[in-house]
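Take a look at the structure below.
Residue numbers (this note's numbering): 4 to 119.
Right under this line is the structure:
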């Protein structure tokens, strides 16, 4: 679904937030999230991952075409929406796997919001 929203996947960068099996645990066993990473890379996307329980990623402002919140760790939910969206380019796509954020709040900031 993420790839379908990107104009040219081979020229797009995606930030994945959350790679562990579930929220607020360090367990990677049975996590399907790395399959998402691999699928995006196979489509030609440049992909970075960030997870407070696994691997952190240094992100710059306005540097990603899409952000996918796959595991809504408390740390992400405690961030202000503006802080969470800061790495996303203007008009970018925010994918919220578990629909934990307010769609209208994301869209009112000029981003496209997708959820499962």
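Glycine included, C-beta positions come from ideal geometry on N, C-alpha and C.
Cut-off 8 Å between Cβ atoms - residues of its own chain near residue i, not counting five sequence neighbours on either side
i: residue 57; result: 22, 23, 29 and 31
i: residue 62; result: 18, 51, 53, 89 and 90
i: residue 94; result: 113, 114 and 115
i: residue 77; result: 26 and 27
Sequence-distant residues of its chain with Cβ nearer than 6 Å to residue i (five each side left out)
i: residue 110; result: 116
i: residue 106; result: 116
i: residue 65; result: 92
Under 8 Å between C-beta atoms of residue i and residue j
i: residue 92; j: residue 68; result: yes
i: residue 48; j: residue 15; result: yes
i: residue 8; j: residue 96; result: yes
i: residue 70; j: residue 20; result: yes
Anticipated Cβ contact below 8 Å, residue i with residue j, distance rounded
i: residue 72; j: residue 79; result: 6 Å
i: residue 121; j: residue 87; result: The question about residue 121 has no answer here: the residues shown for the chain are numbered 4 through 119.
Residue i at chain B interface by Cβ criterion, 8 Å
i: residue 70; result: The chain inventory of the structure shown lacks chain B, comprising one protein chain alone.
Output the residue ranges of the beta strand (DSSP E) runs that lie fully inside the region 74-103 and measure 3 residues or longer, sorted by chain position. The region 74-103 contains these whole beta strand (DSSP E) runs: 91-99.
Completely contained alpha helix (DSSP H) runs for the region 6-69, where each covers 4 or more residues: 36-45
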